[in-house]
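Quick note: the sequence shown, position 92, residue 94 per the numbering used here, numbers continuous.
See below for the structure under consideration.
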Amino acid sequence: MKLAIAGKGGSGKTSISGTMARSLAHAGHKVLAIDGDSNPNLALTLGIPMEQINDVPVLPADLIRRFPADDALTESLEEICRTHALTGPDGVTLLVMAHPKHAGTG
Ligand SMILES: Nc1ncnc2c1ncn2[C@@H]1O[C@H](COP(=O)(O)OP(=O)(O)O)[C@@H](O)[C@H]1O
Ligand SMILES: [Mg+2]
């Protein structure tokens, strides 16, 4: 199952995403959460200290190779998670698309 949460700022996207991710992990599902916000704070709702985001390298810009018919990752998802993911206390794996210079909460 893949879920994408998008919408107006301040409408609760991050809160509901974190809650659903933790809830699904508690129910025994393997969960990969991807924070695509340019001011990311999904880590907080997953129980991961924001400081830890700086412990992993920024995702490389050339991670996706564009083809006319399809797009493809230049590395396997397992390898990307091994080098770039964080894991929360409930077992949710987190990938953050952009690293903030300073963290916000909105
Ligand atoms: N169900 C809710 N009831 C009340 N406040 C909420 C609820 N969901 C989120 N909030 C609060 O609203 C604010 C914005 O939520 P957030 O999840 O950060 O929104 P978004 O990611 O869409 O910008 C936060 O202060 C959050 O604590
Ligand atoms: Mg948000």
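Even for Gly, the Cβ is constructed at its ideal location relative to N, Cα and C.
Inset, instruction - Could you work out which residue in I36, A29 and I55 is closest to I7 when comparing CA atoms only? - result: I36
Legend entry - Three-way DSSP call (helix, strand, coil) for I66 in this model: strand
Legend entry - L61 in three-state terms, based on DSSP: coil
Inset, instruction - Assign L5 to one of three DSSP states: helix, strand, or coil. - result: coil
Inset, instruction - List the endpoints of the continuous beta strand (DSSP E) containing T95. - result: T95 to V98
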